[in-house]
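Working notes, structure below.
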């Protein structure tokens, strides 16, 4: 990470915490959301999308793998270890 990068203007909420009403994008007018996210009704340019992909990574949720044998045992009340 670049130590000379400007800090984000939008505060990052802690995991599990609820955002303040003023920071909740669902309650803001669309024009304000676009302004805060530095976007437009046309979306992001290819260059901006590439920049954000490099900065934040892909928009994906890591899949949690389950051991089928442990899942089978759980049906019989056997506790699993992970």
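Residue numbers (my numbering): -11 to 70.
Positions of the beta carbon are idealized from the N, C-alpha and C atoms, including for glycine.
Residue i and residue j closer than 7 Å at C-beta
i: residue 28; j: residue 22; result: yes
Through-space distance from residue j to residue i, alpha-carbon basis
i: residue 39; j: residue 49; result: 20 Å
i: residue 18; j: residue 25; result: 11 Å
i: residue 31; j: residue 56; result: 42 Å
i: residue 65; j: residue 41; result: 44 Å
i: residue 43; j: residue 59; result: 37 Å
i: residue 54; j: residue 34; result: 37 Å
Residue of the options minimising C-alpha distance to residue i
i: residue 46; options: 54, 37 and 52; result: 37
**Request:** Counting only runs of 4+ residues fully inside the stretch 12 to 60, write out the alpha helix (DSSP H) ranges in chain order.
**Result:** List check, alpha helix (DSSP H) in window: 18 to 24 and 34 to 44.
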